[in-house]
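Asks:
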Amino acid sequence: MSSISKQLSSISCTSRKVPSSSVGIRLVLLGKTGSGKSSTANTILGQKVFDTRVSSSSVTQYCRRACGEFRGRHLTLLETPGVSNTHQTAQETLKESRKCVSLLSPGPHVFLFVIRIGRFTHEEKEAVRQLKQAMGSHALNFSVVVFTHGDLLEDAPSLKHCLIDQCPDLAELVAECGGRYCVFNNQMSKSKEQVSELLALVDSVIQDNKGSYYTSTMLQKAEDDLIQELLEERRMLNEREELLQKKQEAAIKKWYEREIEMVQQKSKMEMEEGKRELEKQMEEKLASDREDIFRRVMEENDRKEKERKIQEMVKMMDIRQEEEEKREILQEQLDKVTKMLEEQSQREAKTRQEMEEKMQRYRVENEKRERERELQQIEKEQAIRQREDMMKELDKLTRSLEEQCRKEEERKKLMEDMLRQEREENRKERETQMEKLRAEKKITEALTQELKLVKMKIEEHRAREENLKRRMEEYLRREAEKCNKEFCAPKKQRDKKCSEMYNVALRKSAEMQSTVTTAAGYAQEMGLVGLNAALETVRAPCSIQ
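Position 259 of the sequence shown, counted from 1, bears residue number 259 in full-length UniProt numbering, the numbering being contiguous throughout.
1) Give the C-beta separation of residue 28 and residue 104 to the nearest angstrom, bearing in mind that I take them to be a contact with Cβ-Cβ under 8 Å.
2) Output needed for residue 132: all residues of its chain with C-beta closer than 6 Å, excluding positions within five of it in sequence on either side, in chain order.
3) Below 8 Å, can you find three or more Cβ-Cβ pairs linking the region 178–191 to the region 217–226?
4) If you follow the beta strand (DSSP E) that residue 182 is in, where does it begin and where does it stop?
5) Looking at the unbroken beta strand (DSSP E) that takes in residue 67, where does it start and where does it end?
6) Starting from residue 74, follow its DSSP beta bridges and name the residues at the other end.
7) How is residue 31 classed by DSSP in three states: helix, strand or coil?
8) Between residue 99 and the rest of its own chain, which residues show a CB-CB distance below 6 Å, the 5 nearest in sequence each way excluded?
9) Taking the straight line between their C-alpha atoms, what separation do you get for residue 26 and residue 182?
10) Helix, strand or coil for residue 145? Go by DSSP, reduced to three states.
11) Beta-carbon within less than 7 Å of residue 170's beta-carbon, same chain only, minus the 5 sequence neighbours each way: which residues are those?
12) Does residue 112 come out as helix, strand or coil in the three-state DSSP assignment?
13) Run the CB neighbour count on residue 127, radius 10 Å, all protein chains shown included, and call it buried at 16 or more, exposed below.
14) Hey, residue 117 and residue 153 are a contact pair by Cβ (cut 8 Å); roughly how many whole angstroms apart?
15) One question on the structure: do residue 110 and residue 142 come within less than 7 Å of each other, judged by their Cβ atoms?
16) How would you call residue 419, buried or exposed, if buried means at least 16 neighbouring beta carbons within 10 angstroms?
17) Mind checking residue 206: buried by the 16 CB within 10 Å criterion, or exposed?
18) Scan the region 387–413 and note each continuous alpha helix (DSSP H) run of 4 residues or more that stays entirely inside, going in chain order.
19) Hey, would you say residue 32 sits closer than 7 Å to residue 124, going by beta carbons?
20) CA-CA distance, residue 315 and residue 292?
21) Give the straight-line distance between the Cα atoms of residue 481 and residue 507, rounded to the nearest whole angstrom.
22) Any chance you could list the beta strand (DSSP E) runs of at least 3 consecutive residues sitting entirely within the region 296–372, in chain order?
23) Expressed to the nearest angstrom, what Euclidean distance is found between the alpha-carbon atoms of residue 547 and residue 327?
24) What residue from 30, 196, 34, 77 has the CA that sits closest to residue 48's CA?
25) Looking only at its chain, what residues have a beta carbon closer than 6 Å to the beta carbon of residue 197, apart from the 5 residues adjacent to it on each side?
26) Using C-beta distances below 8 Å, list every residue in its chain close to residue 378, excluding the 5 sequence neighbours before and after it, in chain order.
In structure tokens:
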């Protein structure tokens with residue numbers, strides 16, 4: 001019972017001490033798909049517990065947990081799905097990664113960032129960035145970088161020279177993890193040395209953090225920071241969209257103005273050119289008319305003058321008619337351009353309306369996701385409160401069980417003291433009887449009387465035994481009823497304990513019965529002296545006087 005209470009108190013204890021070999025270490029493996037997390041976990045545990053087959057997609061789809069021991073230390077490993085998983089979205093993968101806190105309750109001691117040795121690609125940088133964003137900046141204080149495929153390097157110092165120092169992003173990650181990194185060769189037969197090196201780094205992480213571990217509070221803070229970053233990115237995106245929309249509207253307006261100005265200039269130039277042509281034609285015709293007039297002025301002065309005037313009037317009317325026709329053509333072209341601009345404006349208005357509808361749908365979806373996130377947060381808080389209530393009830397039940405055990409121990413000690421006193425009194429009585437028996441050894445008639453006394457003692461002892469048995473059964477029945485009323489959860493333990501107490505009582509009564517039967521047989525065969533000697537041999541609590 002005390003071991004159960006110690007385990008329960010260790011679960012609900014809020015103090016975070018450095019884990020010893022009995023408590024164990026909780027580790028979480030994070031990394032990109034194909035970085036070698038499963039092989040590294042198998043190497044640490046010293047056995048194949050995770051599937052490590054070759055595949056073009058991620059083998060691990062959900063968080064997987066395994067336990068083992070290394071040199072007497074209990075290890076609990078949790079493998080998370082790889083970032084850039086081909087079967088899951090980034091949100092689903094990061095959600096699975098966040099489950100490490102609940103699956104390794106009350107929280108993991110160390111995160112292992114598993115990275116394959118080679119060129120640190122943009123995809124790996126993005127995977128590390130997503131994991132840092134999902135777990136928060138506090139997770140780096142609990143992290144160690146593990147480089148896999150160590151067979152590609154000749155020695156460990158070449159890793160820092162050839163890879164870390166040559167890649168600023170990788171050097172920054174190692175520095176953020178406190179300079180803690182190690183190299184794993186999962187194909188090497190002697191893997192205990194590299195596991196020992198990793199556990200030494202893990203112990204240094206735990207010591208640097210004063211025995212604390214990554215808690216759900218830190219995860220919640222990371223989620224809050226991520227939400228703030230997303231809101232800030234969304235605000236900046238909205239500002240950029242508004243600025244882009246304003247620039248587009250200004251460009252469209254400028255283009256409209258430039259097109260209208262070009263059309264106006266073109267129409268003005270066409271009108272001026274037509275006017276110059278008309279003036280040129282009028283000058284040419286006037287010149288020819290003057291020549292005709294000069295040739296015929298003397299012959300038909302009056303008639304020609306009238307005809308000239310009439311012709312000039314007709315020509316002027318024709319010129320005016322031509323100018324009207326050109327003006328109408330220009331007006332039609334201007335109407336076409338205006339209509340084309342109106343259609344362009346309508347298309348832009350339609351495009352703007354579609355963009356606004358898309359933005360509205362995007363806002364509705366974001367609001368829906370925000371509501372779902374709030375509901376999830378409320379459910380999480382409710383689950384935490386329920387768990388705290390259950391822990392309180394469990395502590396209360398444990399205290400009551402310890403109190404009951406203490407009372408039973410006191411009761412047991414009291415019964416042992418009573419039995420010890422009774423044995424001492426019986427021993428004194430036996431000594432007194434032996435003295436009397438030695439004085440009355442030669443008296444043969446006393447044997448019959450003593451046999452009668454033995455029979456009476458046997459009957460009295462049997463009566464006491466029956467009375468004791470009834471009292472024991474009554475006591476056990478009252479204790480069972482009391483335990484059933486006070487405790488409902490540990491029913492099997494109570495039943496087992498009551499049955500053990502009942503069996504002990506039955507064994508004691510059987511021993512007493514056999515003792516009495518043996519005493520009766522000895523009394524008939526050996527007499528009073530042999531009977532008392534036999535009772536003393538079997539350590540019976542009674543003697544024959």
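The beta-carbon is built from N, C-alpha and C at its ideal position, and this holds for glycine as well.
Replies: On the basis of the coordinates in this document:
1) 7 Å between Cβ atoms; contact.
2) Annotation for residue 132: no residue places its beta carbon closer than 6 Å to its own, counting only its chain and skipping 5 residues before and after.
3) Output reads no: the region 217–226 does not touch the region 178–191.
4) Going by DSSP, residue 182 is part of the beta strand (DSSP E) stretching over 181–183.
5) Residue 67 -> beta strand (DSSP E) spans 64–70.
6) Its beta-bridge partners are 69.
7) In this structure, residue 31 counts as strand in the three-state DSSP scheme.
8) Contacts found: 63.
9) In a straight line, the C-alpha of residue 26 is about 18 Å away from that of residue 182.
10) Residue 145 falls in the strand class under three-state DSSP.
11) Hits under 7 Å: 120, 163, 164.
12) Three-state result, residue 112: strand.
13) Around the beta carbon of residue 127, a 10 Å sphere encloses 16 or more other beta carbons of the protein chains shown; the residue is thus reported as buried.
14) In this structure residue 117 touches residue 153 by the C-beta definition: roughly 7 Å separates them, less than 8 Å.
15) Taking a C-beta distance under 7 Å as the contact criterion, residue 110 and residue 142 qualify as a contact pair.
16) Residue 419 comes out exposed.
17) By the 10 Å Cβ count, residue 206 comes out buried.
18) Complete alpha helix (DSSP H) runs here, min 4: none at all.
19) Contact flag set, yes.
20) Residue 315 and residue 292: Cα-Cα distance of roughly 16 Å.
21) Distance between the alpha carbons of residue 481 and residue 507: 23 Å.
22) If you keep only unbroken beta strand (DSSP E) runs of at least 3 residues inside the region 296–372, you get nothing at all.
23) Here the chain has residues from 1 to 545 only, and residue 547 is not among them.
24) Checked all of 30, 196, 34, 77; the closest Cα to residue 48 is 77.
25) Excluding sequence neighbours, residue 197 sits near 182.
26) If you ignore the 5 residues before and after residue 378, its C-beta comes within less than 8 Å of no other C-beta in its own chain.
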